[in-house]
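Written out below as structure tokens is the structure these notes cover.
In our numbering, the protein residues as written are -2 to 693.
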């Protein structure tokens, strides 16, 4: 027995010794595999075709590894296929990862799966679902210990909020991502977070902050010695430079990015940079170079099977050809690109593309085509609202039909009861009617003559009444509604915010816009009051084109106009201001052989304005809009200032805000948007941007 015991003990000892030697080897192999996948992940950003080949080489080993390694492998395999345009295969892999996380009840793996699926759905132009998946992934990752995943989900959630127009939520998420990346000590994650934050500041028009964040992103990319990361930062610099009206800097950044991307042979990045170069030259009216880079972008897009880049390049080619005077060919090429956005039902892109198309046609002198493009763009903005209205109409119609059928059944029942009595009385009634017919025949001739005379008099009276009503509600110079009509309308109007009724679940609200013609006194002094009247009539006509038929446009007084939009997505109000600024400025007024350039300043706000859950009366809302207009005038003209909302009202009052809107803005009690219209007047001072300001 002693011998057997000793032998068993020796066997167990030898087994433990072998296992102790094997565990470090297994751990080393696992770490080496994780590092390999991390290297491939970085490579996939720039050259996904090479990354895919390397992933397939380690697939068997990665699928047999522990859950975190296996999950990261499946995620990177899905993303690589997505970047190569293989969205179907990418989606299957993402669904596999989601199922794997749920089966193992592992929130970290599930979050990674949902995030991967969000990327694929975004590539498939299903943005709303993509955003929902990103938000859920960020919620699940928040409680886990995978810091890299937490940074990644925070970045993606921030970008999703920005795409929905919720910049405050986007800013909070992206600043959180930067902080997490700093704590985590991962320069790659920090570079991604900083780049996303710089892009957001570009969208918010806070260019100084954008360049500040971009500078750090460039430094991090250089420390990483990553040409790809540096190229991404250079593309972000292009966006910042172009939006802040530094086109030469923007083009330099793009050309530097293109050189880096070509060294890497980063096909996807090259295609995007080429189409951006085409767009930048298009904006500078260098149509030959715009065509050159757009043609190159189409070839590059074909290599990676990217339909969005191909469509954008074709749109750019169409606009460049129109700019060169080749209208028919340009319209055909534009239609080729537009077809993709129509099939994808990508309404924000459609609106942007149609606005640019209308401007190109307008510059080429095709006014009919330009008006058609603008009308189509406005129709898109109304489309979802109309769908909601039609749905309500259909529901009412269905209810009406049901009530109608019920009434018909009741009527038939009553008719059956009285049918017998009617048969007995019918013969007697027929005899009486014959006698009455003779009498009425004689009287009708006399009555007919009198009736025709009375009817003619009533028609004339109705015409006169309509003329009087028209005169009482319309401004005689511009034929717009006058202030009295608007006041009567608002007295009866009940504005109701419709949550979730607009694009991408945006709230539908009303909006007030107050416009004032810049330097109108100079027009009157230089060209005479008749020229001033021509300017006012021209602006009235432009506003009818730029706004919708359902919008109320009012001659508010003097050189001021007021527009009330009864239903517009809250996230689209700034875009309406931009459209009006640029639309008015784009037209010069012909007066006695002279060209008069006119621009406007705008104050605007959603309606109703609701501080402390109590809507302001429309008169006070207009007063605040008027003060915003004054700020636009004071800070340089040819721009729009919009009241977005209120904050920290416990420390102030609406009365104090009304007395000094600028001071309230700088103190953080009011959130304002600033929309610039082309080049501001040289004599205007630039508006200082306080911390509370959110600029679109």
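Cβ atoms here follow ideal geometry from the backbone N, Cα and C, with glycine treated the same way.
The model shown is predicted, which means the values in this text are computed figures rather than measured ones.
Item to check | Length at least 3, wholly inside the segment 623 to 656: the beta strand (DSSP E) runs in chain order | outcome: 636 to 643
Item to check | Cβ shell of residue 82 (< 7 Å), same chain only, five flanking positions each side left out | outcome: Position 85 of the chain shown, counted from the first residue, corresponds to residue 82. 301, 302 and 303, listed in sequence order.
Checklist entry - Below 7 Å between beta carbons: does that hold for residue 48 and residue 37? => result As a position in the chain shown, residue 48 is number 51, starting the count at 1. As a position in the chain shown, residue 37 is number 40, starting the count at 1. Yes, Cβ-Cβ distance for residue 48 and residue 37 is below 7 Å.
Checklist entry - So, using beta-carbon positions, are residue 571 and residue 506 closer together than 7 Å? => result Numbered from 1 along the chain shown, position 574 holds the residue referred to as residue 571. Numbered from 1 along the chain shown, position 509 holds the residue referred to as residue 506. No.
Checklist entry - At a cut of 8 Å, does the segment 122 to 130 reach the segment 311 to 319 through at least three beta carbon pairs? => result no
Item to check | Contact belief for residue 105 with residue 146 at Cβ below 8 Å, rounded distance in angstroms | outcome: The residue labelled residue 105 in the question sits at position 108 within the chain shown. The residue labelled residue 146 in the question sits at position 149 within the chain shown. Their Cβ separation, rounded to whole angstroms, is 6 Å, which keeps residue 105 and residue 146 in contact under 8 Å.
Checklist entry - Apart from the five residues just before and just after residue 166, which ones in its own chain have a Cβ nearer than 7 Å to its Cβ? => result Locating residue 166 in the chain shown gives position 169, where the first residue counts as 1. Once the five neighbours on either side are set aside, the close Cβ partners of residue 166 are 158.
Checklist entry - Since residue 483 contacts residue 573 with CB under 8 Å, what's their CB separation in whole angstroms? => result Translated into positions along the chain shown, residue 483 becomes position 486. Translated into positions along the chain shown, residue 573 becomes position 576. Wrong, their Cβ atoms sit about 18 Å apart, outside the cutoff.
Next on the checklist: What does the alpha-carbon distance come out to for the pair residue 258 and residue 227?
Outcome noted: The residue you call residue 258 lines up with position 261 of the chain shown. The residue you call residue 227 lines up with position 230 of the chain shown. Their backbone Cα atoms lie some 9 Å apart in a straight line.
Checklist entry - Within 10 angstroms of its Cβ, does residue 539 collect 16 or more other Cβ (buried), or is it exposed? => result Start at 1 with the first residue of the chain shown, and residue 539 comes out as number 542. Residue 539 should be labelled buried.
Item to check | Nearest candidate by alpha-carbon position, reference residue 560, set 599, 666 and 177 | outcome: Numbered from 1 along the chain shown, position 563 holds the residue referred to as residue 560. Nearest to residue 560 by C-alpha distance, out of 599, 666 and 177, is 599.
Checklist entry - What residues are listed by DSSP as bridge partners for residue 668? => result Taking the chain shown and counting its residues from 1, one reaches residue 668 at position 671. DSSP lists 642 as the bridge partner or partners of residue 668.
Item to check | Sequence-distant residues of its chain with Cβ nearer than 7 Å to residue 225 (five each side left out) | outcome: Working through the chain shown from its first residue, we reach residue 225 at position 228. 42, 43, 261 and 263, listed in sequence order.
Checklist entry - Could you give the distance in angstroms between the alpha-carbon of residue 77 and the alpha-carbon of residue 39? => result The sequence position of residue 77 within the chain shown is 80, counting from 1. The sequence position of residue 39 within the chain shown is 42, counting from 1. When rounded, the distance between both Cα atoms is 11 Å.
Next on the checklist: Among 223, 229, 194 and 64, whose alpha-carbon lies nearest the alpha-carbon of residue 109?
Outcome noted: Numbered from 1 along the chain shown, position 112 holds the residue referred to as residue 109. Checked all of 223, 229, 194 and 64; the closest Cα to residue 109 is 64.
Checklist entry - Of the choices 670, 660 and 607, whose alpha-carbon is the least far from that of residue 639? => result Residue numbering aside, residue 639 sits at position 642 when the chain shown is read from its first letter. Taking only the C-alpha atoms, the option nearest residue 639 is 670.
Checklist entry - Smallest Cα separation from residue 86: which of 247, 99, 281 and 121? => result Walking along the chain shown from the start, residue 86 turns up at place 89. Checked all of 247, 99, 281 and 121; the closest Cα to residue 86 is 121.
Item to check | chain B within 7 Å of residue 238, Cβ atoms only | outcome: The chain labelled as chain B is not found in the depicted structure, where only one protein chain is given.
Next on the checklist: Please return the same chain residues whose Cβ sits closer than 7 Å to the Cβ of residue 67, not counting the five positions on each side in sequence.
Outcome noted: Along the chain shown, one-based indexing puts residue 67 at 70. 59 and 60.
Next on the checklist: Within 10 Å of its beta-carbon, does residue 322 have 16 or more other beta-carbons around it, so buried, or fewer, so exposed?
Outcome noted: Taking the first residue of the chain shown as 1, we reach residue 322 at position 325. With fewer than 16 Cβ atoms within 10 Å of its Cβ, residue 322 is classed as exposed.
Next on the checklist: Relative to the C-alpha of residue 644, which candidate in 656, 519, 356 and 662 has its C-alpha closest?
Outcome noted: Position 647 of the chain shown holds residue 644. When only C-alpha atoms are compared, the closest one is 662.
Item to check | Any alpha helix (DSSP H) of 4 or more consecutive residues that is wholly inside the segment 221 to 261 | outcome: 224 to 240 and 244 to 261
Item to check | Candidates 202, 62, 46 and 555, of which the one nearest residue 30 by Cα | outcome: Stepping through the chain shown from its first residue, residue 30 is reached at position 33. The residue with the shortest Cα to Cα distance from residue 30 is 62.
Checklist entry - Where does residue 62 sit, in a helix, a strand or coil, going by DSSP? => result Position 65 of the chain shown holds residue 62. Residue state, collapsed to three classes: coil.
Checklist entry - What do you get for residue 525, buried or exposed, if any count of 16 or more other CB atoms within 10 angstroms of its CB means buried? => result As a position in the chain shown, residue 525 is number 528, starting the count at 1. The residue in question, residue 525, is exposed, as its Cβ has fewer than 16 Cβ neighbours within 10 Å.
Checklist entry - Do you know how far the Cα of residue 164 is from the Cα of residue 389? => result In the chain shown, the residue the question calls residue 389 occupies position 392. In the chain shown, the residue the question calls residue 164 occupies position 167. Any answer about residue 389 is weak, because its pLDDT of 43 lies below 50 and its placement is not dependable; what the coordinates show is given next. C-alpha separation (whole angstroms): 32 Å.
Item to check | residue 549 - partner residues in DSSP beta bridges | outcome: Reading the chain shown from its first residue, position 552 is the one you call residue 549. Per DSSP, 561.
Checklist entry - Measuring CB to CB, does residue 279 end up less than 7 Å from residue 268? => result As a working mapping, residue 279 is identified with position 282 in the chain shown. As a working mapping, residue 268 is identified with position 271 in the chain shown. Contact: no.
Checklist entry - Between residue 334 and the rest of its own chain, which residues show a CB-CB distance below 6 Å, the 5 nearest in sequence each way excluded? => result Translated into positions along the chain shown, residue 334 becomes position 337. Once the five neighbours on either side are set aside, the close Cβ partners of residue 334 are 308, 311 and 312.
Next on the checklist: So, for residue 80: in the same chain, excluding its five sequence neighbours on each side, which residues have a beta-carbon less than 7 Å away from its beta-carbon?
Outcome noted: Counted from its first residue, the chain shown places residue 80 at position 83. Listed in chain order, the non-local C-beta contacts of residue 80 below 7 Å within the same chain comprise 41, 45 and 265, local neighbours out to five positions each way being set aside.
Checklist entry - So residue 601 packs on residue 625, CB below 8 Å; how close in whole Å? => result Residue numbering aside, residue 601 sits at position 604 when the chain shown is read from its first letter. Residue numbering aside, residue 625 sits at position 628 when the chain shown is read from its first letter. So it is a contact: roughly 7 Å between Cβ atoms.
Checklist entry - Can you name, in chain order, every residue of its own chain whose Cβ lies under 8 Å from the Cβ of residue 273, other than the five neighbours on each side? => result Residue 273 sits at position 276 when you count from the first residue of the chain shown. Answer for residue 273: 232, 235 and 251, listed in chain order.
Item to check | Minimum C-alpha distance to residue 520 - residue among 510, 531 and 512 | outcome: Residue 520 sits at position 523 when you count from the first residue of the chain shown. When each option's Cα is compared against that of residue 520, the closest is 531.
Checklist entry - Going by Cα to Cα distance, which pick from 554, 200, 364 and 576 is closest to residue 513? => result For the purposes of this step, residue 513 is identified with residue 516 of the chain shown, where counting begins at 1. Residue 554 is the option with its Cα nearest to residue 513.
Item to check | N- and C-terminal bounds of the beta strand (DSSP E) containing residue 290 | outcome: Within the chain shown, numbered from 1, the residue matching residue 290 stands at position 293. Not the beta strand (DSSP E): residue 290 falls in the alpha helix (DSSP H), residues 284 to 301.
Checklist entry - Going by Cα to Cα distance, which pick from 197, 207, 144 and 209 is closest to residue 186? => result Residue numbering aside, residue 186 sits at position 189 when the chain shown is read from its first letter. Among 197, 207, 144 and 209, the Cα nearest to that of residue 186 belongs to 144.
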